[in-house]
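Taken in order, these protein sequences are the chains called A and B. Residue numbers for the first sequence follow this note's numbering, so the first one is 150 and each next one is one higher. Residue numbers for the second sequence follow this note's numbering, so the first one is 150 and each next one is one higher. Beta carbons are placed, not taken as given, at the ideal position from N, Cα and C, and that holds for glycine.
Number of protein chains: 2
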Amino acid sequence: MPPSPSSERLRNLGFLVRDVSRLYGRHFERHARELELTLPQCKVLAHLQRNEGISQARLAELTETDPMTLVRTLDRMQTDRWVERRPDPSDRRAHRLYLREEAKPVLARMWKIADQARSEAIAVLNEKECEQLLELLGRLHQNLQQLDTRATETRATEARRPAL
Amino acid sequence: MPPSPSSERLRNLGFLVRDVSRLYGRHFERHARELELTLPQCKVLAHLQRNEGISQARLAELTETDPMTLVRTLDRMQTDRWVERRPDPSDRRAHRLYLREEAKPVLARMWKIADQARSEAIAVLNEKECEQLLELLGRLHQNLQQLDTRATETRATEARRPAL
DNA sequence: CGTATATAATAACGCGTGTTATTATCTCCG
DNA sequence: CGGAGATAATAACACGCGTTATTATATACG
């Protein structure tokens, strides 16, 4: 049943991606310990830096985060005084998100740490290989995103027609 | 400060790997919903299939899981009657892990689902590109593993010399 | 022998993630 | 206008993951 010789290695792909992600996160958080920020929190700050005033829903899109996950992340970041929720004057359901002044000086250090951590991680790859890796992961990402969207929309459509 | 043109894209690497991992997991679990198994649980079953009777510590090594994480995963898998913990006759601290009979027929389906999910995910890559991706991720993984081990050992050494 | 150190498993806590359900509000259309 | 359906945010619950600390046992060494 296991066909070509590469098939057996291929079977590790899912686990491999997951492990790399986990180890990369650990590695980054070792460097970032002093910041008192997790990786998803950094992602939020990075996007907020260039998009202050957006809604949670929009930030969820930008960061590709589940809106519910984002609520909790923001809860903690608000408690830790990184960000602020202000009421949206034009939509009483929504909040607008802002960086607090305390967060701004940290952003530069954050990027520095991220650059440092990444360069250690990819030290085993040359420039061309990095480029390839980014390209391949990017294609995979785009495809998975599409599969996800498709599945989500299918389920939403079905939910709208419960009689079927 | 941002130097070469590829540098800006490079900065996404950490996020990109994480997103691919998350989306891959979602995709797999959509297919595996009928199995009532999560991806880490599948990993446990896959390793146990070829290594029945091992200890939790050994399984943690094989699956590259934090031992504490594994405890909880096994707790649930034991409740769900996938696996069994039996006392190790030669070491009263340890347990030996076994698949329950109920789990065995599921393994074949599990692999089938995994193959299906993966082939959908990598449909956008040709065979050579898959090979490259595996190779590059493998190198990255090995390096991150080494960085992790080194950091962990350093901390352990420091802990042993509290006076310093 | 007996003490120090290491190891196997677990407890307790915080965070990220996904799911389903709820509430308030908005929007669009008849 | 007014009701149907979409949307913004949140609540509650389960799982995975990492960290520190604890307990019981094993091992190694003086």
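Taking 8 Å as the CB-CB limit, is residue i close to chain B?
| i | result |
| --- | --- |
| D168(A) | yes |
| E183(A) | no |
| E250(A) | no |
| L256(A) | no |
| A270(A) | yes |
Is residue i close to chain A, meaning its C-beta is less than 8 Å from at least one C-beta of that chain?
| i | result |
| --- | --- |
| H290(B) | yes |
| Y247(B) | no |
| S210(B) | What sits at residue 210(B) in the sequence shown is Glu, not Ser. Chain A, which has no Cβ nearer than 8 Å to the Cβ of E210(B), makes this no. |
| L186(B) | no |
| D297(B) | yes |
| A243(B) | no |
| A263(B) | yes |
| M226(B) | no |
| P216(B) | no |
Residues of chain B with a CB under 7 Å from the CB of residue i: which are they?
| i | result |
| --- | --- |
| R221(A) | Under the 7 Å cutoff, chain B gives no residues; its nearest Cβ is about 16 Å from R221(A). |
| E278(A) | L285 |
Can you give me the Cβ contacts of residue i inside the same chain, cut-off strictly under 8 Å, excluding the 5 residues immediately before and after it?
| i | result |
| --- | --- |
| Q291(A) | none |
| N161(B) | none |
| L274(B) | L282 |
| L219(A) | V193, Q205, L208, A209, T212 |
| K277(A) | none |
| R182(A) | none |
| A300(A) | none |
Quick one: which chain A residues come within Cβ less than 9 Å of residue i?
| i | result |
| --- | --- |
| E213(B) | F164, D168, R171, L172 |
| L197(B) | Correct list: empty, because the minimum Cβ distance to chain A is about 14 Å. |
Which bits of chain B does residue i rub up against, with CB to CB less than 9 Å?
| i | result |
| --- | --- |
| A300(A) | R175, H176, R179 |
| R267(A) | L159, R160, L162, G163 |
By Cβ distance below 7 Å, which residues in the same chain neighbour residue i in space, the five residues on each side in sequence not counted?
| i | result |
| --- | --- |
| Y247(B) | E201, G202, V232, E233, R235 |
| H196(A) | L208, L211, T212 |
| H180(A) | I262, Q265, A266 |
| A272(B) | none |
| T222(A) | P189, Q190, V193 |
What residues from chain A crowd round residue i, counting only those whose CB sits closer than 7 Å?
| i | result |
| --- | --- |
| V193(B) | Per Cβ cutoff of 7 Å: no residues; V193(B) is ~11 Å from chain A at best. |
Which bits of chain B does residue i rub up against, with CB to CB less than 8 Å?
| i | result |
| --- | --- |
| V273(A) | R288, L289, Q291, N292 |
| Q281(A) | Q281, L285 |
How about residue i and residue j: are their beta carbons less than 8 Å apart?
| i | j | result |
| --- | --- | --- |
| G163(B) | R258(A) | no |
| L188(B) | G174(B) | yes |
| C191(A) | L159(B) | no |
| A270(B) | L289(A) | yes |
| H176(B) | D297(A) | yes |
| P245(B) | R230(B) | Here the sequence assigns Arg to residue 245(B), which means Pro is not the residue at that position. Contact flag unset, no. |
| L286(B) | L172(A) | no |
| V193(B) | M226(B) | yes |
| S170(A) | S170(B) | yes |
| Q295(B) | L256(B) | no |
Can you tell me which residues form a DSSP beta bridge with residue i?
| i | result |
| --- | --- |
| R299(A) | DSSP output for R299(A) lists no bridge partner at all. |
| S247(A) | Looking at the sequence provided, one finds Tyr at residue 247(A) rather than Ser. DSSP output for Y247(A) lists E233(A) as bridge partner(s). |
| D326(B) | Nothing in the structure corresponds to residue 326(B), since chain B is present only between 150 and 313. |
So, at 6 Å on beta carbons, what are the nonlocal neighbours of residue i in its own chain, with the 5 sequence-adjacent residues on each side left out?
| i | result |
| --- | --- |
| S204(A) | A243 |
Using only the heavy atoms of the ligand SAM, determine whether one of them is closer than 7 Å to the beta carbon of residue i.
| i | result |
| --- | --- |
| L194(B) | Ligands in the displayed structure: none, and consequently the ligand SAM is not present. |
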